[in-house]
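Visitor: As given, the protein sequences belong to chains A, B, C, D, E and F, one line each in that order.
For the first sequence, our numbering begins at 488 and goes up steadily by one.
For the second sequence, our numbering begins at 488 and goes up steadily by one.
For the third sequence, our numbering begins at 2 and goes up steadily by one.
For the fourth sequence, our numbering begins at 2 and goes up steadily by one.
For the fifth sequence, our numbering begins at 46 and goes up steadily by one.
For the sixth sequence, our numbering begins at 46 and goes up steadily by one.
This is the structure I want to talk about, given as structure tokens.
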Amino acid sequence: MALYLIDLPFAQVGLDVAKRDGEAKIVLIQDSVYLDTAGFENVYAVKEDVEKRGVAARLRNVRVIDYDDLVDLIVENKVVNFA
Amino acid sequence: MALYLIDLPFAQVGLDVAKRDGEAKIVLIQDSVYLDTAGFENVYAVKEDVEKRGVAARLRNVRVIDYDDLVDLIVENKVVNFA
Amino acid sequence: MEKKILFMFLRAPFGAIYYTEGLRAVVGMMSGLDEHKVTCVYAGDGAYYALKGADKGESAGYVKTISDISETHYYVEKESMAERGIPEGDVDDAFEVISRDDLAKLITDNDVVFDF
Amino acid sequence: MEKKILFMFLRAPFGAIYYTEGLRAVVGMMSGLDEHKVTCVYAGDGAYYALKGADKGESAGYVKTISDISETHYYVEKESMAERGIPEGDVDDAFEVISRDDLAKLITDNDVVFDF
Amino acid sequence: MSNINFLLTEGPFQTEKWSTVAKLGLAALKKGHAVTLFCYLDGVYNGLSTQEFADWEKVPGDYFKELVDNGAEIVCCGICVNARGQQSGKFFYEGIKVGGIPDWAAFVGTADRVITL
Amino acid sequence: MSNINFLLTEGPFQTEKWSTVAKLGLAALKKGHAVTLFCYLDGVYNGLSTQEFADWEKVPGDYFKELVDNGAEIVCCGICVNARGQQSGKFFYEGIKVGGIPDWAAFVGTADRVITL
């Protein structure tokens, strides 16, 4: 039931922990948008980070959000930091 | 025939490239002293970095050297930076 | 308001300073007006800090201060140890080995989760 | 003395600034009195820079300046691409795909090897 | 409305963490949330008013000034500031304070959400 | 005797790269080698004379002063210095110069070995 804020260096542990949370929401920021998050249901990625890296087409089943959306997600969910 | 200066973040590529150099010398600095370098013949690790991390007993077939030794190695060999 | 805070130490000591500045932060969190309750867990490359011979020199003072304030648990995560070839016998007595499932539970049980 | 310099870009763009400050350095190396000869190779997480859609905005100026000074090769390493799930079709035309063996050869052929 | 506390431990330019903090913080302020920020370790360099970089229209410091101007409370770790030779923050933007971890602990105490970057 | 050039792109405190550069550089100087150092990106913070950290007997800046005192030539990237708000290096130790990448390119040109940290 938490929101996992993930960046690349801590992604391996972070995603593996999030797997144990049936209602996990994953937010990919900065270099973690390169990652393959197949198998997760609720994955978000920050638009600015996605566009800069040219990975929009690589993302599967990921909702691209802006900072306004991310603020709402943060306010609505407990945040677990892996960023 | 080169000296590969390796730290943790670039170690995976660095060691794999060094494997292709039959006469590679590997120098582990800072957090790379945690790594397993089984399969390499000429591996060195910086004493200060080893002692601080308490990994002396974990190192196999690695020569622990001080900065004076490292200067000599650097002067005697072409240096390839993966640190 | 008093909070339950989980400090996750995820970076390799000692190449980056987070291993000790994170503990400085733990002291500060515990000793403020709110008297937050802190738990420490070492995972990812942070697991190396639990090695028996690792130099706790710089961070030892914080560990002592922390134990003076209140009983604090130091956990190290088994899966991270396995991935790095750290056998349980190499782990310092101050650390209790837990599983990744336990880490997930700690995250659930704490109000705030820091990554250091 | 003119040297042959290999710039290895190993860090992920754009979370760290090395992708563009490394190219600033390339320009400087080529335009000094010694007129060093530079080759660029992208490996490890640096391989992501070769993705077709990646924003070359900030670094594009350096790429242009570099090409004005002399023909410069930009290589991206196949093994790093494979490890990161980057198919050849996703690579920008400016980059030539080479193998890790080729990277080892580039290292041998250059006088100086920088990691960026 | 919520109270969001940020922890920033990296400096300007070298990495992009400052950018996510600044943009997310500004978005939160515009939605009416309260924002506090504790700058720790290299994070303290972000408060400098003296950054000059012709390549960028705005330097990181400008964003942190904007955070303060929009109501964010920013405190930098004084030990970190002086360790890094930044002389008690004498060149920081006005409104960016130098304090200690107790200030951060208080931020965390009042925060509904804590984000570390 | 050899000429060794170092490139340092990380700052003091946050990581240990400065320490390896300083200790390796001093060892090289004592063996009679020539040492040059180019501080790039966050590496430029190492030259500050204003670092104060009671926990440590010596701060990173002390080591860089020692390098200069023992004959090392140190140049910091001016663009990086000003971007990071360090005002043309006005608080750097005397002898630590502010220059440009051409200085570094010249160091590389005369160096027998180049080390990046």
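Where a beta carbon is used, it is the ideal one built from N, C-alpha and C, also for glycine.
Cβ of F:Q131 versus every heavy atom of the ligand ADP: is any distance shorter than 7 angstroms?
Guide: The ligand ADP is not part of the structure shown, which contains no ligands of any sort.
Visitor: Can you confirm whether E:T161, when its beta carbon is compared against all beta carbons of chain D, has any partner nearer than 8 angstroms?
Guide: So no, E:T161 is outside the interface.
Visitor: Comparing the C-beta of B:F527 with each C-beta of chain D, is any distance below 8 angstroms?
Guide: So, not an interface residue.
Visitor: Label C:L52 either buried or exposed according to how many other C-beta atoms from any shown protein chain fall within 10 Å of its C-beta, with 16 as the threshold for buried.
Guide: Buried: at least 16 other Cβ atoms inside 10 Å.
Visitor: Using only alpha-carbon positions, find the residue among A:V533, A:Q517, A:V520 that is nearest to A:Y554.
Guide: The shortest Cα separation from A:Y554 among A:V533, A:Q517, A:V520 belongs to A:V533.
Visitor: Out of F:I119, F:G77, F:L74, point me to the one whose CA is closest to F:L93's CA.
Guide: Of F:I119, F:G77, F:L74, the residue nearest in Cα terms is F:I119.
Visitor: Evaluate B:N486 with the Cβ neighbour count: other Cβ atoms within 10 Å of its Cβ, from every protein chain shown; 16 or more gives buried, anything less gives exposed.
Guide: Only positions 488 to 570 of chain B appear in this structure, which leaves residue 486 of chain B out of reach.
Visitor: Just to confirm before moving on: does the CB-CB distance between F:L17 and B:V558 stay below 8 angstroms?
Guide: Chain F is shown only over 46 to 162; residue 17 of chain F falls outside these bounds and no answer can be derived.
Visitor: Answer with yes or no whether the minimum CB distance from D:K79 to chain A is below 8 angstroms.
Guide: No, no contact with chain A.
Visitor: Only counting the same chain, and skipping five residues up and downstream in sequence, which positions put a Cβ closer than 7 angstroms to that of F:F152?
Guide: The residues are N50, T81, F83.
Visitor: Hey, could you find the ends of the beta strand (DSSP E) E:N50 is sitting in?
Guide: 48 to 53 is the span of the beta strand (DSSP E), which, as asked, contains E:N50.
Visitor: Cβ of F:D17 less than 8 angstroms from any chain E Cβ?
Guide: Nothing about residue 17 of chain F can be reported from this structure: the residues present for chain F run from 46 to 162 only.
Visitor: Looking at the structure shown, is F:G88 part of a helix, part of a strand, or coil, going by DSSP?
Guide: Three-state result, F:G88: helix.
Visitor: Please state whether the Cβ-Cβ distance between D:E78 and D:Y43 is less than 8 angstroms.
Guide: In this structure, D:Y43 lies closer than 8 angstroms to D:E78 by Cβ.
Visitor: Please classify C:E72: does DSSP put it in a helix, a strand, or coil?
Guide: Of the three classes helix, strand and coil, the one that applies to C:E72 here is coil, per DSSP.
Visitor: Taking DSSP's pairing of strands, which residues face C:Y43 in a bridge?
Guide: In DSSP, C:Y43 forms a bridge with C:F10, C:V77.
Visitor: Please report how far the alpha carbon of D:G33 lies from the alpha carbon of F:A150, in whole angstroms.
Guide: One C-alpha to the other measures close to 6 angstroms.
Visitor: What are the residues that DSSP puts in a beta bridge with C:K5?
Guide: The partner list for C:K5 (beta bridge, DSSP) reads C:K38.
Visitor: With a threshold of 8 angstroms between beta carbons, is B:D508 in contact with chain D?
Guide: For B:D508, the answer is yes, since a Cβ of chain D falls inside 8 angstroms of its Cβ.
Visitor: Kindly indicate which residue of D:D102, D:D35, D:E97 has the alpha-carbon position closest to the one of D:K4.
Guide: Cα-wise, what sits closest to D:K4 is D:D35.
Visitor: Give the interface partners of B:D518 over in chain D, defined as CB-CB distance under 8 angstroms, in chain order.
Guide: Neighbours of B:D518 on chain D: none; closest Cβ ~15 angstroms, over 8 angstroms.
Visitor: For the pair the segment 101 to 121 of chain F and the segment 69 to 78 of chain E, tell me if three or more CB-CB distances fall below 8 angstroms.
Guide: Flag = no, the segment 101 to 121 of chain F and the segment 69 to 78 of chain E do not touch.
Visitor: Report the rounded CA-to-CA distance for B:V504 versus A:R545, giving the unit in angstroms.
Guide: If I take the Cα positions, the gap works out to 28 angstroms.
Visitor: By the three-class DSSP mapping on this structure, what secondary structure does B:F569 have?
Guide: Note: B:F569 maps to strand in three-state DSSP.
Visitor: With a cut-off of 8 angstroms, does the C-beta of A:Y554 fall near any C-beta of chain E?
Guide: Judged by the 8 angstroms Cβ criterion, A:Y554 is in contact with chain E.
Visitor: Starting from C:D102, trace the alpha helix (DSSP H) both ways and give me its first and last residue.
Guide: It spans 101 to 110 - the alpha helix (DSSP H) in which C:D102 sits, taken as one unbroken run.
Visitor: I want to see whether chain F comes within less than 8 angstroms of B:I561, judged by CB atoms only; does it?
Guide: It does: the Cβ of B:I561 has a partner Cβ on chain F nearer than 8 angstroms.
Visitor: Short of 6 angstroms in beta carbon distance, which residues of its chain neighbour A:Y531, apart from the five on each side in sequence? Order them along the chain.
Guide: For A:Y531, where only same-chain residues beyond five positions count, the Cβ hits under 6 angstroms are V514, R550, I552.
Visitor: Classify C:L52 as helix, strand or coil using the three-state DSSP reduction.
Guide: Residue state, collapsed to three classes: strand.
Visitor: Grab the span of the alpha helix (DSSP H) containing B:I561 for me, first residue to last.
Guide: Counting along the chain, the alpha helix (DSSP H) containing B:I561 begins and ends at 554 to 563.
Visitor: Taking only the alpha-carbon atoms, compute the straight-line gap between B:A575 and B:Q499 and give it to the nearest angstrom.
Guide: Since the first and last residues shown for chain B are 488 and 570, residue 575 of chain B lies out of range.
Visitor: For C:L24, I'd like the list of residues in its chain whose CB is within less than 6 angstroms of its CB, leaving aside the five on either flank, ordered along the chain.
Guide: Once the five neighbours on either side are set aside, the close Cβ partners of C:L24 are S60, Y63.
Visitor: With a threshold of 16 other CB atoms inside 10 Å of the CB of C:D102, please say whether the residue is buried or exposed.
Guide: Flag for C:D102 reads exposed.
Visitor: Does the beta-carbon of E:E139 have 16 or more other beta-carbons within 10 angstroms, so that it is buried, or is it exposed?
Guide: So E:E139 counts as exposed.
Visitor: By the 7 angstroms beta-carbon criterion, what residues does the segment 50 to 79 of chain F contribute toward chain C?
Guide: Answer set for the segment 50 to 79 of chain F: F58, Q59, T60, E61.
Visitor: Per DSSP, what kind of secondary structure is F:L74 in: helix, strand or coil?
Guide: F:L74: helix per DSSP, three-state reduction.
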